[in-house]
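Quick notes on the structure that follows.
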Amino acid sequence: KRFKKKHAVTTHCRVIHQGKKYARNKKYKCTLCPKAFLGAAELNDHTAYVHEGQKSHICEICSASYIWKNNLVKHIKMVHDGIRNQESRQCEFCGKYLSRRGYNDHMK
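Using my numbering, the first residue of the sequence shown is number 8, and each one after it goes up by one.
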């Protein structure tokens with residue numbers, strides 16, 4: 008089976024194969040919890056998100072935050088559906104884009 012994203016393979020193996028052979032290949036172990044990962048990048052993402060609470064991709068419209076940029080892009084498409092092009096206003100102080108109602112609440 009082919010996957011577009013590395014995390015899809017991880018999920019597939021965990022769910023379908025219940026991590027039997029797959030678990031032995033995880034060389035990058037988290038020092039803060041029992042989780043282990045195939046690569047250093049995955050371990051770093053896990054540590055930043057789960058243990059340090061970092062989410063570096065932030066929505067300019069509502070301030071929702073995500074670890075992965077593709078999740079932010081999906082969020083904007085699904086939740087805001089082009090709000091920036093419709094009735095949005097930009098705060099002159101912080102630069103955030105907000106709906107008209109959100110802008111009024113934001114300025115209080």
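Glycine included, C-beta positions come from ideal geometry on N, C-alpha and C. Computed from a prediction, not measured in an experiment: that's the story for all the values here.
Going by beta carbons, K62 and S72 fall inside the 7 angstroms limit. Pairing C40 with K12, the inter-Cα distance amounts to about 24 angstroms. When DSSP states are grouped into helix, strand and coil, I74 belongs to the coil group. Pairing S106 with M114, the inter-Cα distance amounts to about 12 angstroms. Rounded to whole angstroms, the gap between the alpha carbons of V80 and N32 is 31 angstroms.
The beta carbon of F10 is closer than 6 angstroms to those of V16 in its chain, skipping five residues each way along the sequence. Between H64 and K76, the CB-CB gap stays under 7 angstroms. Proximity to C66 across K36, R108, G102 and N111 peaks at G102, based on C-alpha coordinates. Nearest C-alpha to E59 among K84, Q97 and I74: I74. With a 10 Å radius around the Cβ and a threshold of 16 neighbouring Cβ atoms, F100 comes out exposed.
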